[in-house]
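In case it helps, the numbering used here puts the sequence shown at residues 7 to 323. Beta carbons are placed, not taken as given, at the ideal position from N, Cα and C, and that holds for glycine.
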Amino acid sequence: MKKIKISSLLLLLTKFAFSQQDPQFSMAIQNRMSINPGYAGSSGLLCGNLLARQQWTGFEGRPQTLAFSADMPVMKETSHPGGVGLTIIADKAGLQKSTYAKAAYAHRIVLSNGGYLGIGAELGLLSIGYGTGFNAENSNDAKIPTNAISSSTLDLGFGLHYNVPNKLHFGVSISHLTASKLKDFNYTVARHLYVTGGYDFALPNNPSLVIKPSLLFKKSFSASKAQLDVSVIALMNNAFWGGLSYRVFGSDAIIPMIGYQASMMQGKGTFKAGYSYDVTLSKLKGYSSGSHEILLGFCYDITPPVKVTKYRNVRFL
Numbered sequence: 007m008k009k010i011k012i013s014s015l016l017l018l019l020t021k022f023a024f025s026q027q028d029p030q031f032s033m034a035i036q037n038r039m040s041i042n043p044g045y046a047g048s049s050g051l052l053c054g055n056l057l058a059r060q061q062w063t064g065f066e067g068r069p070q071t072l073a074f075s076a077d078m079p080v081m082k083e084t085s086h087p088g089g090v091g092l093t094i095i096a097d098k099a100g101l102q103k104s105t106y107a108k109a110a111y112a113h114r115i116v117l118s119n120g121g122y123l124g125i126g127a128e129l130g131l132l133s134i135g136y137g138t139g140f141n142a143e144n145s146n147d148a149k150i151p152t153n154a155i156s157s158s159t160l161d162l163g164f165g166l167h168y169n170v171p172n173k174l175h176f177g178v179s180i181s182h183l184t185a186s187k188l189k190d191f192n193y194t195v196a197r198h199l200y201v202t203g204g205y206d207f208a209l210p211n212n213p214s215l216v217i218k219p220s221l222l223f224k225k226s227f228s229a230s231k232a233q234l235d236v237s238v239i240a241l242m243n244n245a246f247w248g249g250l251s252y253r254v255f256g257s258d259a260i261i262p263m264i265g266y267q268a269s270m271m272q273g274k275g276t277f278k279a280g281y282s283y284d285v286t287l288s289k290l291k292g293y294s295s296g297s298h299e300i301l302l303g304f305c306y307d308i309t310p311p312v313k314v315t316k317y318r319n320v321r322f323l
């Protein structure tokens with residue numbers, strides 16, 4: 007009986023992965039390159055971020071995800087500035103394994119108010135596999151594969167990202183525009199809508215303390231429910247940060263977060279590290295001890311130094 011219960015939970019996770027599809031991150035707002043190609047180059051720096059997530063710890067077949075993203079500005083000093091980006095995501099949930107690899111380009115428009123609008127597109131490869139490993143007694147379900155199967159498809163995405171550096175940002179994007187159907191098994195890649203927003207403001211009487219409220223809205227076109235994360239983070243002395251996030255729809259989790267960032271390489275580089283813990287509020291809390299997530303990031307200013315040219319006038323030798 008215990009085997010059947012565990013296997014049923016395993017199938018539940020696999021079903022969840024098929025319906026939601028795109029992996030979930032609690033600190034996605036700090037890695038917007040992975041969800042919005044319009045973000046590419048918006049920081050003006052060469053940046054890389056690594057996110058590792060263990061969802062629903064203690065749950066057999068739980069989602070496990072690793073995501074790496076990098077981006078940088080190009081043609082920054084020309085009349086046609088832009089940004090390029092790369093994202094690689096490896097995700098495993100139940101019997102399903104997914105790999106996303108996508109490259110992005112964003113055309114960046116300089117606005118009169120000091121802001122920037124990035125108009126981006128991404129092209130990538132999506133590979134999904136459905137393996138064996140279901141362990142239930144007396145199961146004759148024809149839908150459970152006896153051999154591992156996998157299939158790949160090209161993937162497209164589009165996004166807009168507006169930001170005023172160190173002040174505010176807003177973005178909207180759609181992933182999996184082609185909504186491809188994988189022929190090797192009955193699987194349609196669902197389009198996903200993402201909306202992000204955030205604002206940074208320093209306290210008038212304490213400018214070393216910056217409050218950063220933000221939101222992340224996600225909606226799969228194949229699911230009836232959406233997801234909304236509302237977060238507030240406080241940054242002290244441009245170094246230590248911490249805060250809370252609440253997953254509003256479904257009351258799935260409340261998420262405390264902490265982190266640290268520091269400049270290095272004579273101010274040319276910045277390193278950051280963060281950790282979040284999802285306190286599960288849904289019915290899964292009876293089976294899970296929560297979700298863990300780690301963020302590592304690095305940025306480097308690739309702007310070449312200004313070359314100062316001097317000359318002397320013969321009248322003043």
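Extent of the continuous beta strand (DSSP E) run through residue i
i	result
Asn244	Here Asn244 belongs to no beta strand (DSSP E), and DSSP marks it neither H nor E.
Gln267	259 to 270
Lys173	No beta strand (DSSP E) contains Lys173, which DSSP labels as neither H nor E.
Val201	198 to 205
His298	297 to 306
Gly54	52 to 60
Gln70	70 to 80
Residue i: CB within 7 Å of a non-hydrogen atom of the ligand MG
i	result
Gln36	Of the ligands one can find in the structure shown there are none, so the ligand MG has no counterpart to examine.
Rounded distance between the beta-carbons of residue j and residue i, thought under 8 Å
i	j	result
Asn55	Leu222	The pair is not a contact, with the Cβ atoms about 15 Å apart (cut-off 8 Å).
Ile95	Ala73	4 Å
Those residues which DSSP pairs with residue i across a bridge
i	result
Thr286	Ala259
Gln102	Ala99, Tyr136
Gly126	Ala112, Gly165
Ala279	Tyr266, Leu302
Leu234	Phe223
Ile155	Tyr136
Tyr193	Leu188
Asn212	Leu209
Arg253	Asp235
Lys274	Answer is none; Lys274 lacks a bridge partner.
Residue nearest to residue i in terms of C-alpha spacing, selected from the options
i	options	result
Ser237	Ala208, Thr202, Ser156	Thr202
Lys231	Arg253, Tyr205, Asp77	Arg253
Ser75	Ser104, Leu199, Tyr45	Tyr45
Ile239	Thr184, Val90, Tyr205	Tyr205
Tyr193	Lys224, Tyr168, Ile134, Lys218	Ile134
Gly50	Asp97, Ala229, Asn172	Asn172
Leu188	Tyr136, Thr309, Ile95, Ala110	Tyr136
Asp77	Ala112, Arg68, Gln102	Ala112
Leu199	Ile264, Lys224, Phe207, Phe164	Lys224
Ser32	His175, Ile260, His167	Ile260
Asn244	Ser181, Ser214, Ser282	Ser214
Gly328	Pro79, Ala96, Ile94, Ile95	Absent from the structure is residue 328, since the part of the chain shown begins at 7 and ends at 323.
Worksheet entry | Three CB pairs or more closer than 8 Å across the region 52 to 70 and the region 115 to 129 | no
Discussion item. Any contact between the region 267 to 277 and the region 28 to 47? By contact I mean 3 or more CB pairs, one from each, below 8 Å.
Written reply: no
Item to complete: Take every Cβ of the region 288 to 302, pair it with every Cβ of the region 63 to 78, and state whether three or more of those distances are shorter than 8 Å.
Response: yes
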